[in-house]
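In my numbering, the protein residues as written are 561 to 983. Okay, so here's the structure we're looking at.
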Amino acid sequence: MKISALNGFKDILPGEVELWQHVESVARDIFSRFHFSEIRMPILEKTDLFARSIGEATDIVEKEMYTFVDKQITMRPEATASLLRAYIQHGLHVQKPVQRLFTIGPMFRHERPQKGRLRQFHQLDVEVLGAASPRVDAELLGLASMLLAELGVTVSLEVNSLGCPACRPAFRETLLQFIEERKEQLCDDCKRRSTTNPLRVLDCKNPKCREQVEEAPSILEHLCEECDTHFAAVQKNLQQLNVQYRLNKFMVRGLDYYCRTTFEFITKDLGSQSAVCAGGRYDGLVEQLGGPKKVPGIGFAMGIERLVLLLQQQEQEQAPEKGIDIFVVGLGEKASDFSFPLVHALRQNSIVAAMDHEGRSLKSQMKQANKAGAGWALILGEDELEKGVAMFRNMATKEQNEIAIVNDNNELLNILIEQITTG
RNA sequence: GUGGGUGUAGCUCAGUUGGUGGUAGCACCUGGUUGUGGCCCAGGAGGUCGUGGGUUCAAGUCCCAUCAUUCACCCCA
561 MKISALNGFK DILPGEVELW QHVESVARDI FSRFHFSEIR MPILEKTDLF
611 ARSIGEATDI VEKEMYTFVD KQITMRPEAT ASLLRAYIQH GLHVQKPVQR
661 LFTIGPMFRH ERPQKGRLRQ FHQLDVEVLG AASPRVDAEL LGLASMLLAE
711 LGVTVSLEVN SLGCPACRPA FRETLLQFIE ERKEQLCDDC KRRSTTNPLR
761 VLDCKNPKCR EQVEEAPSIL EHLCEECDTH FAAVQKNLQQ LNVQYRLNKF
811 MVRGLDYYCR TTFEFITKDL GSQSAVCAGG RYDGLVEQLG GPKKVPGIGF
861 AMGIERLVLL LQQQEQEQAP EKGIDIFVVG LGEKASDFSF PLVHALRQNS
911 IVAAMDHEGR SLKSQMKQAN KAGAGWALIL GEDELEKGVA MFRNMATKEQ
961 NEIAIVNDNN ELLNILIEQI TTG
C-alpha cells in the first residue's frame with residue numbers, strides 16, 4: 561500500500577518551491593528595511609498558552625488544535641501567542657522598549673481542507689511590542705501593503721476599530737439588543753452566533769443577514785474618546801503614506817485578544833477564502849499572558865499558501881529555473897574517473913557543476929546538459945584522454961575548442977573557472 | 001462537524017447503449033550510420049481502471065459500501 565501525505569498536508573515540490581523562496585526573500589528584504597528582527601519559536605507549546613490567548617470559546621481552541629492530550633502540549637495554530645510567550649520569557653522588553661519582530665513558519669489547525677486552507681499552513685508573522693502610537697498601526701499597514709505590492713499581488717485593504725475594554729462591552733449590549741429584535745430574520749448560524757459571538761453576526765455571508773445587518777449600530781460610532789482619537793490618527797497616518805484603504809464597520813476578528821485597529825487585505829481570487837493578510841492591535845495581551853503591564857502590541861499574519869496561489873493565478877512571470885554553469889561529459893570509465901574530482905574542484909570554486917554517473921551515451925549526456933540549462937559542456941572521451949585534451953563547448957553558440965590537459969590538473973581547472981566566470 | 005463533485009500511466013485526460021485498457025498529449029528511456037544538446041521522426045517502458053462487495057454470459061462503464069481527494073458551509077491567514 562502506497563503511503564501518501566496526510567489530508568491537508570502538502571509537499572512543496574521543486575518548481576513551486578522557487579515561488580516560496582521568492583516570497584520569503586522579498587519579505588525578508590522589506591522586514592529589514594523596516595528594521596525588524598527575526599525570531600524563531602518552537603512549534604510545540606503548552607496547550608494552556610493558546611487557550612489563554614486565542615480564547616477558550618473560539619473554534620480554533622475548541623476543536624481545531626493538534627493537541628497531545630496526555631502531555632498537554634499543542635502544535636501552534638498561530639504565531640502571536642508563541643511569540644509573546646518568548647518575549648515575556650526572555651524579558652525582551654528590558655533589552656529594548658520597543659521590539660519589532662517577525663517570524664516565518666508552519667502553523668497547524670485541524671480544519672477541513674479547502675482551497676487556500678490547509679491543516680499545515682505557513683505564515684509570515686510580524687509583531688511590534690511596546691509601541692502604542694497610531695503611527696505604528698499605519699507603519700505596519702504600510703509595510704504589509706509594500707510587501708504585497710512588491711510581490712505584485714492585487715488586493716484591497718479594509719480597516720476597522722474594535723474599541724477597547726472601556727467601550728466594547730457597551731457596544732456589545734447595543735448590538736445584542738439590535739440582534740434580538742431581528743433574530744427571526746437571521747440565519748441559523750447567526751442565531752447561534754448571537755449567543756456565542758455576537759460581533760460575528762456582522763460579517764455573516766448570508767445575503768439575508770447582510771440586509772438585516774445593514775442598519776446595525778456601528779462600532780465606529782460607539783468608540784470611547786481614546787479609541788476614537790487613536791483610530792482617527794491611524795487613518796490620517798495611512799493617508800500620509802498614501803496607503804489605500806476602505807472602512808469596513810462590519811469587519812471583526814476571530815481571535816479574542818484583538819482591540820482597536822483591525823485590518824484585512826482581501827481578494828476575490830481565492831475562492832471562499834478572502835483574507836491574504838490580517839491582524840490588529842492587542843494591547844492587553846502581554847499582561848494577560850503574565851508579562852509586564854501596559855505593553856501594547858500590534859501585528860499581522862500573511863498566509864504564504866494564499867500568496868503563492870495568487871502569484872500563480874495572477875500569472876506573475878515565472879522565475880526561470882536557474883541553469884548550471886557546466887556539465888562535464890565523461891565517456892567511459894577512465895574519463896568519468898578523471899571528471900569526478902574535477903567536478904568537485906569546480907564546486908569548491910563556486911562553479912555550479914554536474915556530471916552523469918550512469919555511464920550513458922554522449923548523446924544522452926548532452927541532452928542532460930541541455931536540460932540542466934548548462935552554459936558550458938566539457939567533453940572527455942577516450943580520444944581526448946589519449947591526446948591529452950578536453951573539448952570545451954559553449955552550449956549557446958555551439959563553439960567548441962580543445963583545452964590541453966597537462967600533468968597539472970590545476971591548469972585545466974583555472975582555465976575553466978576563468979572561461980566560465982568571464983562568460 | 002455538514003453538504004456536493006471527482007477517482008483510468010509520474011502529470012493532464014479520452015474511453016460510445018456494459019463487449020479485449022488508450023497509435024492521446026506532456027514527461028521518461030533508446031535509437032535515427034560507430035562520439036555532440038534544443039526541433040523533428042521511430043521505437044520502448046510505464047496500470048491491481050482508488051478499494052471491497054453486488055447485478056450480469058460479460059463491469060473502467062450500472063448498484064451499494066468504503067477510502068482518498070476536491071469545492072463549499074462552519075471557522076479562519
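Using N, Cα and C, we set each Cβ at its ideal position, and we do this for glycine too.
From the DSSP secondary-structure annotation, give me the bridge partner or partners of residue i.
{"i": "I963", "result": "A950"}
{"i": "D685", "result": "T663, A861"}
{"i": "F900", "result": "Note: F900 sits in no beta bridge, so no partner."}
{"i": "M915", "result": "V888"}
{"i": "R677", "result": "Q674"}
{"i": "L807", "result": "V719"}
Determine the extent of the alpha helix (DSSP H) in which residue i is found, giving its start and end residues.
{"i": "H790", "result": "785-800"}
{"i": "G890", "result": "No alpha helix (DSSP H) holds G890; the beta strand (DSSP E) holding it covers 886-890."}
{"i": "A929", "result": "922-931"}
{"i": "F731", "result": "728-742"}
{"i": "Q772", "result": "767-773"}
{"i": "V654", "result": "652-655"}
{"i": "G702", "result": "694-711"}
{"i": "T957", "result": "Per DSSP, T957 belongs to no alpha helix (DSSP H) and is neither H nor E."}
{"i": "K751", "result": "748-756"}
Could you work out which residue in the options is closest to residue i when comparing CA atoms only?
{"i": "Q795", "options": "P901, K765, F823, H782", "result": "F823"}
{"i": "G702", "options": "L801, Q979, C724, E576", "result": "L801"}
{"i": "E673", "options": "L735, V719, N567", "result": "In the sequence as presented, Glu is not what sits at residue 673; that position holds Pro. Minimum Cα distance to P673 is reached at N567."}
{"i": "Q683", "options": "H670, G665, Q848", "result": "G665"}
{"i": "E733", "options": "L717, S754, E718, L644", "result": "S754"}
{"i": "M862", "options": "L891, T627, L707", "result": "L707"}
{"i": "E944", "options": "K894, G844, Q872, P574", "result": "K894"}
{"i": "H917", "options": "V889, R728, Q659", "result": "V889"}
{"i": "A617", "options": "V836, L869, I980, L815", "result": "L815"}
{"i": "E598", "options": "Q772, Q659, L845, L735", "result": "Q659"}
{"i": "E744", "options": "L678, C769, K927", "result": "C769"}
{"i": "Q874", "options": "V715, L972, V966, R679", "result": "V715"}
{"i": "D843", "options": "P602, E605, S613", "result": "S613"}
{"i": "G723", "options": "K809, D748, A835", "result": "K809"}
{"i": "L700", "options": "L798, F569, N970, P637", "result": "L798"}
{"i": "G983", "options": "L759, N954, R760", "result": "N954"}
{"i": "P602", "options": "M667, Q680, I648", "result": "M667"}
{"i": "I648", "options": "E962, Q848, E775", "result": "Q848"}
Check this for me: beta carbons of residue i and residue j, under 7 angstroms apart or not?
{"i": "R806", "j": "L830", "result": "no"}
{"i": "L762", "j": "V812", "result": "yes"}
{"i": "F887", "j": "A937", "result": "yes"}
{"i": "T640", "j": "G859", "result": "yes"}
{"i": "A793", "j": "P694", "result": "yes"}
{"i": "F596", "j": "F662", "result": "yes"}
{"i": "G690", "j": "V855", "result": "yes"}
{"i": "G676", "j": "Q833", "result": "yes"}
{"i": "C819", "j": "A726", "result": "no"}
{"i": "F738", "j": "P777", "result": "yes"}
{"i": "V586", "j": "E710", "result": "yes"}
{"i": "S705", "j": "F791", "result": "no"}
{"i": "A914", "j": "A932", "result": "yes"}
{"i": "G850", "j": "T821", "result": "no"}
{"i": "V713", "j": "L870", "result": "yes"}
{"i": "L717", "j": "E687", "result": "no"}
{"i": "I939", "j": "V912", "result": "no"}
{"i": "E624", "j": "R588", "result": "no"}
{"i": "I980", "j": "L972", "result": "no"}
{"i": "V621", "j": "F610", "result": "yes"}
{"i": "E671", "j": "R636", "result": "no"}
{"i": "I977", "j": "N909", "result": "yes"}
In the DSSP assignment, find the unbroken beta strand (DSSP E) run with residue i in it and report its ends.
{"i": "V719", "result": "716-721"}
{"i": "F825", "result": "819-826"}
{"i": "A937", "result": "936-940"}
{"i": "A641", "result": "Where A641 is concerned, there is no enclosing beta strand (DSSP E), although the alpha helix (DSSP H) it sits in stretches over 640-649."}
Quick check: is any heavy atom of the ligand COA less than 6 angstroms from the C-beta of residue i?
{"i": "A641", "result": "Only the bare structure without any ligand can be found here, which leaves the ligand COA out of the picture."}
message = Which complete beta strand (DSSP E) runs does the region 566-635 hold, if anything under 3 residues is left out?
response = The region 566-635 contains these whole beta strand (DSSP E) runs: 604-606, 626-628, 633-635.
message = At 4 residues or longer, what runs of the alpha helix (DSSP H) sit wholly inside the region 832-859?
response = Here the runs fully enclosed are 845-848.
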